[in-house]
Structures are given as C-alpha cells and as structure tokens.
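Q: Next up is a structure, given as structure tokens.
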Amino acid sequence: MELEFKCSDVGVWKEALSSYDSRIESLNKPELVSLDQFYRIKLPCLLHDRDPNPYLTTSELSQLMKWKLSRGKWRPRLLDFVSSLDDSVVKSASEKAFKSLPDISKAVKELTVLKGVGAATASAVLAAYAPDIAPFMSDEAMEVALGNSKDYSLKQYLLFATKLQDKAKELKLKGEWDGPSDIERALWSCTVRAKSQPEKSSSGKKRKRKCSRMFYQNAEYLAESYNLKGKNGYFTFSDIFQINIEGYEGRVIGGEKQNRGYVVSHLTKLILACIIADRLLLVTEFGHLSIP
4 MELEFKCSDV GVWKEALSSY DSRIESLNKP ELVSLDQFYR IKLPCLLHDR DPNPYLTTSE
64 LSQLMKWKLS RGKWRPRLLD FVSSLDDSVV KSASEKAFKS LPDISKAVKE LTVLKGVGAA
124 TASAVLAAYA PDIAPFMSDE AMEVALGNSK DYSLKQYLLF ATKLQDKAKE LKLKGEWDGP
184 SDIERALWSC TVRAKSQPEK SSSGKKRKRK CSRMFYQNAE YLAESYNLKG KNGYFTFSDI
244 FQINIEGYEG RVIGGEKQNR GYVVSHLTKL ILACIIADRL LLVTEFGHLS IP
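Going by our numbering, the sequence shown opens with residue 4, and the numbers climb by one from there.
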C-alpha cells in the first residue's frame, strides 16, 4: 500500500500506522525491536517521571541515537560523539530544550549545541517527550511530506513539523488520531514497505536489469588487456591489487603512460563495472571472481 501525504482517509492512515511494528521487525536489524520499545515506551516514561524539570542523560541519548541510526542510516561517528558527551552537559541542554516547548525552534537550538546532535536527532529527543508537538525528522517521512530527505536544517524541520501537525489536525476532525508523531510512523512504515517490494514493470513482470554496452566492453578490456585469468579462469581481488602491480606502471592506457596510482584506480573502476555487468561471477568465499 502506498500512502500519499494528501490522503485524507483516516482508515488508510490507521492501516499504515498499524503495520509499524511489523515493518520494524522486517528490517531484521540487531536490537532494533528492543531499541524501538525503549524509545517509544520506556524513554517517554522516564522523561515525564522527571517533570516538572525533565532531562536526558548521556546514556539515554546514546540509546536514542542507536535507535535513530538502526531505524535509518547507520553513521557510527554520531554515536561516538554523543556517547562521549559529559552527562551534566547533556542534562543541562535537554532540560533547557524541554522547557522551551512548545517553541520547537528554540528547543532544537538548545539541543544542537551538543556535539553529534543535529536537527534530526534533536527532533527525536523532543518527540520522545512531546510527540503531540514535535515529530521525529526521519528521512522516510521527509521524502513523502516534502519530497526531500537530504536537508537536515532547522528551517526544513520546522516546515516538516508544521506539515505533520496540520495533517494530524485534519485527521482528528475526521476520526480518532493522536498527533504528528503517528503521522511520521505511518509514513515511515509505508515507505519502508514500498522499498522492500521488488520493482515491477507496467506489465506486472519483474523488471530485468539492463547493462550498457560500455560495461561489457570494460569487462572484455579487463580480461584481455590485463590478462587476469589465474588458475582455471579464476582470480582474486588480492591478485588484482598485489600481483605485478609494479609491472603495470608505465603501461599505456588511453594513449598515455600512467603511474601506479592511476593503474590501481583504473583497475578498481573496471572491476566494479564488470561486477555490475555480470560479466564476472562473484563468489562470496574468499572473494573469488570468475571470467565466463
């Protein structure tokens, strides 16, 4: 099921939201299910238990970051940054941020002083405490709501949050709906499901990948020009980069003599081209490659 942002059918949105848990499980990522339970259930309780002066600890911020990265794109450096933050600094920044609500702009600015915390991570922190005000800025929801998931600026987040708040208000008028954070989860769920489906052509048949003539020519060039055959027609990545690399120095490529660095780069590009073209059979064990 595809979900367009302009859809005003509460039933369709509820169906998308109800599939959220199964979409989380379908990703088969270590710890994601437990991390999602921590983020959606345990963390909000911890924060509200600290009212009227709620705050976040470094350990909790690290867990939140693990959830964010596991649910989306893994960027280990961000986790390293937040894990190294002083607990008192995290507590102070998060306390100021929560007190700034419902002013989302000010709240985000209070959090982004922390190293490794951008607008997206700040939105996750705010959504854990006030899901009815600040939705999480996920790539998947951004793509559907705004048509752009690469701009992580505060300005873009404010636009995103406003759109999800307005959509939540619209759905509330037509039926039971909690808030903008449920809009985000519904959009995320549908986008993940759509990406997991095999691409099909208009005839309903699975689309076959086509390779350009250039890739085939590159495959032949690699096999013939560098004579990379090995025993029984097999060779390894180590053969390519270690055997006689020095001998390739000065070899004429494209009418000019090239140095070692260029040759290694040239070989790498050719190998990738050949793999894409399926002219080389990639065998997982030991990274063996075969020229058909």
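All residues carry an ideal CB built from backbone N, CA and C; glycine is no exception.
1) Between the stretch 88-99 and the stretch 48-67, do at least 3 Cβ pairs fall closer than 8 angstroms?
2) Helix, strand or coil for T61 per DSSP?
3) Using a threshold of 8 angstroms, state whether the C-beta atoms of L114 and V120 are closer than that.
4) Which of helix, strand or coil does DSSP assign to S25?
5) Which two residues bound the contiguous alpha helix (DSSP H) that contains I107?
6) Assuming the contact rule is C-beta atoms closer than 8 angstroms, V111 and T61 should be a hit. Round their C-beta distance to whole Å, please.
7) Is F101 near W70, with beta carbons less than 8 angstroms apart?
8) How big is the Cα-Cα spacing for L176 and S21?
9) Closest by CA to D106, which one among A148, K172, L161 and S141?
10) Between the alpha carbons of Y155 and A148, how many angstroms are there, rounded?
11) Can you tell me where the alpha helix (DSSP H) with F139 in it begins and where it stops?
12) If I measure Cβ to Cβ from R78 and keep anything under 7 angstroms in the same chain, skipping five residues before and after, which residues do I get?
13) In this structure, does DSSP put K76 in helix, strand or coil?
14) I'd like the list of long-range same chain contacts for L82, defined as Cβ closer than 6 angstroms, with 5 residues on each side in sequence excluded.
15) Let me know the secondary structure DSSP gives K153 once reduced to three states.
16) If distances are taken between C-alpha atoms only, which option among A131, C193 and T194 comes closest to Y58?
17) Could you pull out every residue in the same chain whose Cβ sits closer than 8 angstroms to the Cβ of V13, ignoring the five residues on either side in sequence?
A: Let me lay it out:
1) A contact exists between the stretch 88-99 and the stretch 48-67.
2) The answer is helix: DSSP assigns T61 an H, G or I state.
3) At a Cβ-Cβ threshold of 8 angstroms, L114 and V120 count as neighbours.
4) Three-state result, S25: helix.
5) It spans I107 to L114 - the alpha helix (DSSP H) in which I107 sits, taken as one unbroken run.
6) Going by Cβ atoms, the distance from V111 to T61 rounds to 19 angstroms, so no, they are not a contact pair.
7) Cβ atoms of F101 and W70: not closer than 8 angstroms.
8) One C-alpha to the other measures close to 20 angstroms.
9) Answer by Cα proximity: L161.
10) Answer to the nearest angstrom: the Cα atoms are 14 angstroms apart.
11) Neither: F139 is in no alpha helix (DSSP H) and is coded neither H nor E.
12) Around R78: L72.
13) K76: coil per DSSP, three-state reduction.
14) For L82, the CB contacts under 6 angstroms within the same chain, skipping 5 residues up- and downstream, are M68 in chain order.
15) In the three-state DSSP reduction, K153 falls in the coil class, being neither helix nor strand.
16) A check of alpha carbon separations from Y58 across A131, C193 and T194 identifies A131 as the nearest.
17) The answer, listed in chain order, is L174, K177, G178, E179 and W180.
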